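Accompanying notes for the structure given below.
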Amino acid sequence: MLQAQAARELARIDRDGLFADAGYLTATSLVRDRAGVSAAEAQRRVAEARGLVEHPRVADAFASAEIDRSRVAMLLAAASVSPELFHRDEQVLVDTVGGLSMGDAFRALQYWKQAADAEAAAVDAEHLHGRRRLHVSRTLGGMVRMDAELDPEGGEIVITALRSLVEPANLDPSDTRSHAQRRADALVDLCADHLINGNTPIAGSFRPQVTLTVGSQVLQGDPGSPSTLGEAIVTPETARRVACDAQVTRVATHSDAVLDVGRATRTIPAAIRRALIARDGGCTHPGCNRPHRWCDAHHIVHWADGGPTSLGNLRLLCRRHHRMAHEGLPSRRE
């Protein structure tokens, strides 16, 4: 109610030009200075005050606390699509959004805007699509930071894909990861599956791949030169885990000069992987039901330690449990 009263007073100041008496050029500059808000917030408040003057039923519902400021904003945005049709339907729309949750109120007004002006709704949808973005950057600490904004259609696809991997994990009482960590792992799983099984383009005779560079002594458990995965430095045990189920190319060097490059070979031949899938079906960690598509083939005794690549020395593990098998501890909560 106080917000509605403030909006009425601001509308009066704006209408009568009282901001000039206080030494301001516009009502927006007055709000920005006196309320200590950003220019964008000041503009929003002035626009709200003007809109409430034009739509008295919305203003009355706001003043009586039947609707809150967020619903006022949605109603005024809908009014801009077709003022004439909004004036006709104003009371019905006010009554409707007042009795719905925020999400349902938003959807109801979206339906109304499409019916009121299909062309404007299409322009609005195209505007949202044009705002899509994704920024990915490496930080000095070695982490990778992502910042994204997706249009409604793309966002639903991503949310649904992540949820398909996160929801089964939510039912596992032994899973100590936070919900945010589960979503992060799900995104990595989706990208890893695409690199392995997706229809990725081939450039320079190679499909896109993440390259692990590791010395033979590191794989055998001895200290050696740093191991890198792409541009990231990884621990020796992480290097052993990645090499556990990978395509391996032997490179012989001397004094940083390359002497010989062997043929790339899979550590797990296709025939053995098929037999492993037939035997295990999916992750063999107790209580885990991840299917084989999301699993690595784990050498119980690492091949660098002389372990054979045979069914008796292999088991399927999802990437989370494969990490636990090598690094020893599950991911901790943030």
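Each residue of the sequence shown is one higher than the one before, counting from 2 in the numbering used here.
For each residue, glycine too, the CB sits at the ideal point set by N, CA and C.
As the structure is a prediction and not an experimental result, all values here were calculated from the model.
Residue environment, H349, which counts as buried when at least 16 other CB atoms sit within 10 Å: Since the first residue shown for the chain is 2 and the last is 335, residue 349 is missing from the structure and cannot be characterised.
Among R139, D246, A271 and R13, which one has its Cα closest to the Cα of C296? Checked all of R139, D246, A271 and R13; the closest Cα to C296 is D246.
In angstroms, rounded to a whole number, what distance separates the CA positions of A187 and D148? Cα to Cα, the separation comes out at about 17 angstroms.
Residues near L312 in its chain [Cβ-Cβ closer than 8 angstroms; skip 5 each side]: Answer for L312: I273, A276, L277 and R280, listed in chain order.
Spatial neighbours of S206 within its chain, please: CB distance less than 8 angstroms, with the 5 preceding and 5 following residues excluded, ordered by chain position. Because S206 carries a pLDDT of 48, less than 50, the predicted location of this residue cannot be relied on, and the following value inherits that uncertainty. Excluding residues within five positions, none has a Cβ falling inside 8 angstroms.
Considering only residues of the stretch 46-103, which uninterrupted alpha helix (DSSP H) runs meet the minimum length of 4 residues and lie entirely inside it, listed in chain order? List check, alpha helix (DSSP H) in window: 57-64, 70-80 and 84-99.
Reference I197; option with closest CA among H293, F20 and V59: It is H293 whose Cα lies nearest to the Cα of I197.
Count the C-beta pairs between the stretch 216-223 and the stretch 312-326 that are closer than 8 angstroms, then say yes if the count reaches three, no if not. The stretch 216-223 vs the stretch 312-326: no contact.
DSSP on L141, reduced to helix/strand/coil? Coil at L141, not helix or strand.
Residue of L3, E154, R132 and Q210 minimising C-alpha distance to D194: When the alpha-carbon of D194 is set against those of L3, E154, R132 and Q210, the nearest one is in Q210.
Can you say whether M75 is buried or exposed, counting buried as having 16 or more other CB atoms within 10 angstroms of its CB? Label assigned to M75: buried.
Would you report the Cα separation of S30 and G231, rounded to the nearest angstrom? Looking at the two C-alpha atoms, the distance is approximately 51 angstroms.
CA nearest to the CA of A326, picked from Q248, P270, I269 and V243: Measuring from the Cα of A326, the nearest candidate turns out to be V243.
Could you tell me the distance, in whole angstroms, from the CA atom of D96 to the CA atom of A43? Distance between D96 and A43, taken at the CA atoms: about 28 angstroms.
Range covered by the beta strand (DSSP E) that runs through S228: Element bounds for S228: S228 to L230.
Which residues DSSP lists as bridging G131, in chain order: In the DSSP assignment, no residue is bridged to G131.
Locate the alpha helix (DSSP H) running through I197, then write down its first and last residues. Its alpha helix (DSSP H) spans residues H180 to N198.
Can you tell me whether V38 is helix, strand or coil according to DSSP? Assigned with DSSP and collapsed to three states, V38 falls in coil, not helix or strand.
Among G143, G307 and L317, which one has its Cα closest to the Cα of P287? Of the listed residues, the one whose Cα sits closest to P287 is L317.
Report the three-state DSSP secondary structure of H300 (helix, strand or coil). Shown here, H300 sits in a strand according to DSSP, grouped into three states.
Which residues in the same chain as D173 place their Cβ atom closer than 7 angstroms to its Cβ, once the five residues preceding and following it in sequence are excluded? Residues G288 of the same chain have their beta carbon placed closer than 7 angstroms to that of D173, with the five preceding and five following residues left out of the count.
Using the three-state DSSP reduction, which class does I234 fall into: helix, strand or coil? In this structure, I234 counts as strand in the three-state DSSP scheme.
Suppose you measure from the CA of A7 to the CA of K114; what does that come to, to the nearest Å? Straight-line Cα distance between these residues: approximately 28 angstroms.
Within-9 angstroms CB hit, R33 to chain D: Of the chains in the structure shown, none is chain D; there is only one protein chain.
Are the CB atoms of V124 and L110 nearer to each other than 9 angstroms? At the C-beta level, V124 and L110 stay beyond 9 angstroms of one another.
Are at least three pairs of beta-carbons, each pair with one atom in the stretch 162-169 and one in the stretch 135-154, less than 8 angstroms apart? Contact fails: fewer than three Cβ-Cβ distances are below 8 angstroms.
Is it buried or exposed for G18, if we count other Cβ within 10 angstroms and need 16 for buried? In the assembly as shown, G18 is an exposed residue. Its beta-carbon has fewer than 16 other beta-carbons within 10 Å.
Helix, strand or coil for M147 per DSSP? DSSP places M147 in strand when its eight states are reduced to three.
Go to L315, then tell me how far its beta strand (DSSP E) extends in each direction, as first and last residue. Counting along the chain, L315 sits inside the beta strand (DSSP E) bounded by residues L315 to C319.
Can you give me the Cβ contacts of R333 inside the same chain, cut-off strictly under 6 angstroms, excluding the 5 residues immediately before and after it? Only weak support exists for where R333 lies, its pLDDT of 42 falling under 50; the value from the coordinates is given anyway. For R333, there are no CB contacts under 6 angstroms within the same chain when 5 residues up- and downstream are skipped.
Buried or exposed (CB count within 10 angstroms, at least 16 for buried), P153: By the 10 Å Cβ count, P153 comes out exposed.
Smallest Cα separation from L129: which of G143, G156 and G104? The candidate whose alpha carbon is nearest that of L129 is G156.
For D118 and S83, which I take to be in contact (beta-carbon distance under 8 angstroms), what is that distance rounded to the nearest angstrom? 5 angstroms between Cβ atoms; contact.
For V156, three-class secondary structure by DSSP: Before going further, note that residue 156 is Gly rather than Val in the sequence given. Helix.
Using three-state DSSP, classify D17 as helix, strand or coil. In this structure, D17 counts as helix in the three-state DSSP scheme.
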